[in-house]
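Comments concern the structure below.
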Amino acid sequence: MTSFLQDRENQVLTKGKDFRDLVGGKPSVAGSVSQRACVFCGSRVVLYPIADALHVVHGPIGCASYTWDIRGAMSSGPQLHRNSFSTDLREKHVIFGGEKQLYHTLTHLIDKHRPEAAFVYSTCIVGVIGDDVQSVCRQVAAEKKIPVIPVMSEGFQGSKKDGYKIACDAMATLIGTDNSKEISPVSINILGDFNLAGELWILTEYYRRMDVQILASITGDGRVKDIQNAHRASLNVVQCSGSMMHLAKRMKEDYGIPFLKVSYFGIEDMSDALYEVAKHFGNDEIMEKARILVKEELQRLLPALEPYRKALQGTKAAIYVGGAFKAISLVKALRLIGVQTVIAGTQTGNTEDYKLLKAICDDGCILVDDSNPVELSEFVKQTGAHLFIGGVKERPIAHKLGIGFCDHNHERKLALAGYEGMLNFAKEVYETVTSPVWRFMKHPA
Ligand code: SF4
Numbered sequence: 340m341t342s343f344l345q346d347r348e349n350q351v352l353t354k355g356k357d358f359r360d361l362v363g364g365k366p367s368v369a370g371s372v373s374q375r376a377c378v379f380c381g382s383r384v385v386l387y388p389i390a391d392a393l394h395v396v397h398g399p400i401g402c403a404s405y406t407w408d409i410r411g412a413m414s415s416g417p418q419l420h421r422n423s424f425s426t427d428l429r430e431k432h433v434i435f436g437g438e439k440q441l442y443h444t445l446t447h448l449i450d451k452h453r454p455e456a457a458f459v460y461s462t463c464i465v466g467v468i469g470d471d472v473q474s475v476c477r478q479v480a481a482e483k484k485i486p487v488i489p490v491m492s493e494g495f496q497g498s499k500k501d502g503y504k505i506a507c508d509a510m511a512t513l514i515g516t517d518n519s520k521e522i523s524p525v526s527i528n529i530l531g532d533f534n535l536a537g538e539l540w541i542l543t544e545y546y547r548r549m550d551v552q553i554l555a556s557i558t559g560d561g562r563v564k565d566i567q568n569a570h571r572a573s574l575n576v577v578q579c580s581g582s583m584m585h586l587a588k589r590m591k592e593d594y595g596i597p598f599l600k601v602s603y604f605g606i607e608d609m610s611d612a613l614y615e616v617a618k619h620f621g622n623d624e625i626m627e628k629a630r631i632l633v634k635e636e637l638q639r640l641l642p643a644l645e646p647y648r649k650a651l652q653g654t655k656a657a658i659y660v661g662g663a664f665k666a667i668s669l670v671k672a673l674r675l676i677g678v679q680t681v682i683a684g685t686q687t688g689n690t691e692d693y694k695l696l697k698a699i700c701d702d703g704c705i706l707v708d709d710s711n712p713v714e715l716s717e718f719v720k721q722t723g724a725h726l727f728i729g730g731v732k733e734r735p736i737a738h739k740l741g742i743g744f745c746d747h748n749h750e751r752k753l754a755l756a757g758y759e760g761m762l763n764f765a766k767e768v769y770e771t772v773t774s775p776v777w778r779f780m781k782h783p784a
């Protein structure tokens with residue numbers, strides 16, 4: 340059995356063996372080499388997909404390069420968000436302050452790129468030297484007549500999850516500042532889909548078939564004007580609840596907009612999402628359109644999945660992802676294609692999320708919160724997993740252990756949402772698990 344840092348004992352359990360709850364939402368234990376990123380990174384990834392805004396990282400160049408173009412965040416129009424502008428703070432700024440540098444960087448970039456808004460990210464060193472970022476932003480906003488929004492995301496404040504909340508608060512300052520978009524009475528905002536590989540466009544097509552208007556896709560292919568109008572939608576549909584629940588709750592309080600938590604991954608959750616949205620509007624026509632859509636998609640998808648399901652019977656998978664909702668959807672989707680989940684963990688799940696995750700996993704599955712490479716490697720060896728599903732930091736763990744890897748995070752190029760996404764996922768799992776390359780490994784799993 341693997342040994343843990345004593346302070347992490349209640350963040351790991353084996354279902355069917357340990358009859359307690361997994362505790363989530365704790366700060367990382369010092370020395371545990373957590374897979375979590377910093378506060379600034381959390382804010383940056385949430386605001387990053389706003390494609391017609393300027394994103395300026397106020398700090399040393401390293402913070403900007405660390406988050407430069409690390410996500411798909413595809414845009415159907417402007418690509419300004421993909422730049423990682425930095426004030427490039429040096430020793431002299433640490434001694435004399437970086438406010439002038441920030442002012443010049445912002446005014447120069449706004450004149451050059453004419454963005455609809457600007458976000459200014461405060462990093463660790465800015466928190467230490469005490470630059471008045473808010474006042475510089477106010478000054479530039481008044482001069483340039485665009486919203487210039489400070490994002491007070493100094494990395495040392497906490498973890499990536501704290502960065503999500505700060506980004507939601509920054510975004511909330513834009514919401515409710517314009518009323519010019521035409522809206523239908525059946526309109527939604529999409530929160531928490533990051534359009535990494537075009538997923539948003541799949542969802543847009545589904546909602547179009549149901550005659551539901553997407554007023555603002557806040558975190559994917561985002562536009563400043565849409566976000567400014569987002570307070571006028573009838574419903575917020577939240578996918579990545581870890582990053583976006585704070586904004587959904589704020590919009591409920593400030594504008595009375597209800598929200599639904601959904602997942603667009605896997606057949607069951609995708610269909611539930613469409614039905615739940617239709618149910619919210621209490622409109623028989625929309626519900627009938629949702630039923631027709633699901634029926635047509637399943638008629639196409641189920642026969643196409645069958646060969647993968649047969650070939651993958653007996654395969655064991657490890658999951659370590661950002662949020663718990665994604666992990667829950669993955670367990671269900673893997674089961675559908677004959678794959679058993681033997682490790683399920685997340686960076687940002689909370690205790691309630693883990694109760695749901697535990698309920699759907701099989702006995703023997705190891706559940707883990709805020710893990711690290713040593714633990715994850717041990718769990719893979721212990722369970723004999725054939726496949727690891729995770730993000731950029733889990734890829735080397737899988738490859739070093741000689742097992743297949745499937746990217747379910749920033750870097751992927753294949754859309755995994757919706758019905759076509761499920762087929763892409765099955766194909767990818769099949770191809771990595773059955774790849775001939777594993778024959779050449781010294782100790783294949
Ligand atoms: S921890 Fe601080 S210095 Fe490091 S990337 Fe985050 S903000 Fe920058």
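Okay, so the sequence shown: first residue is 340 according to our numbering, each after it adds one.
Every residue gets a Cβ at the ideal spot worked out from N, C-alpha and C, and that includes glycine.
message: Given a cut-off of 7 Å on the beta-carbon distance, is the pair Ser556 and Leu539 in contact?
response: yes
query: First and last residue of the alpha helix (DSSP H) that includes Asp692?
result: Thr690 to Ile699
query: Helix or strand or just coil, what does DSSP make of Tyr387?
result: DSSP places Tyr387 in coil when its eight states are reduced to three.
query: How close, in whole Å, do the beta carbons of Val719 and Ser582 come, if the pair is a contact with beta carbons under 8 Å?
result: Beta-carbon to beta-carbon, Val719 and Ser582 are separated by about 27 Å, too far to satisfy the 8 Å threshold.
- prompt: Taking just the CA atoms, how far does Val713 sit from Ile787?
  reply: The displayed coordinates of the chain run from 340 to 784. Any statement about residue 787 would go beyond what the structure contains.
query: Whose CA, out of Val772, Arg410, Leu542 and Arg571, lies closest to the CA of Asp593?
result: It is Arg571 whose Cα lies nearest to the Cα of Asp593.
Cβ-heavy atom distance, Phe379 to the ligand SF4, below 6 Å: yes
- prompt: Cβ of Thr426 within 6 Å of any heavy atom in the ligand SF4?
  reply: Checking the Cβ of Thr426 against the ligand SF4 gives no.
field: Exposed unless 16 or more other CB atoms sit within 10 angstroms - verdict on Tyr470
entry: Tyr is not the amino acid found at residue 470; the sequence shown has Asp there. So Asp470 ends up on the buried side.
Those residues which DSSP pairs with Phe727 across a bridge: Ala657 and Phe744
- prompt: Hey, is the region 417-425 in contact with the region 391-399, meaning 3+ C-beta pairs nearer than 8 Å?
  reply: Taking a cut-off of 8 Å for Cβ pairs, the region 417-425 and the region 391-399 touch, as three or more such pairs fall below it.
- request: Just the C-alpha distance for Gly515 and Ile566, rounded to the nearest angstrom, thanks.
  value: 8 Å
message: With DSSP as the reference, identify every bridge partner of His394, one or two as the case may be.
response: Phe458
query: Based on Cα-Cα distance, which residue from Lys564, Tyr442 and Thr558 lies nearest to Gly537?
result: Thr558
Meets three-Cβ-pair contact criterion under 8 Å: the region 655-671 and the region 680-695: yes
- prompt: Buried or exposed: which applies to Met510, given that a residue is buried once 16 or more other Cβ atoms fall within 10 Å of its Cβ?
  reply: Buried, because 16 or more other Cβ atoms sit within 10 Å of the Cβ of Met510.
field: Meets three-Cβ-pair contact criterion under 8 Å: the region 495-503 and the region 472-484
entry: no
Given Gly653 as reference, the closest of Met626, Gly723, Thr690 and Leu695 once Cα atoms are compared: Gly723
- request: State yes or no: is the C-beta of Tyr304 nearer than 6 Å to some heavy atom of the ligand SF4?
  value: Since the first and last residues shown for the chain are 340 and 784, residue 304 lies out of range.
message: Checking 7 Å against the spacing of the C-beta atoms, do Pro388 and Phe620 come in under that value?
response: no
- prompt: Nearest-angstrom Cα distance between Cys745 and Leu726?
  reply: 7 Å
- prompt: What's the call for Asp692, buried or exposed, on a 16-neighbour Cβ count within 10 Å?
  reply: buried
- request: State the beta-bridge partners of Gly561 as determined by DSSP.
  value: Ile389
- request: Report the rounded CA-to-CA distance for Arg548 versus Asn763, giving the unit in angstroms.
  value: Annotation: Arg548 to Asn763 spans about 22 Å, alpha carbon to alpha carbon.
- prompt: Does the separation of the CB atoms of Val731 and Glu750 fall below 7 Å?
  reply: In contact: Val731 and Glu750 (Cβ atoms closer than 7 Å).
Limits of the beta strand (DSSP E) - the one that Asn763 falls within: First-last for Asn763: Gly757 to Val772, but that is the alpha helix (DSSP H), not the beta strand (DSSP E).
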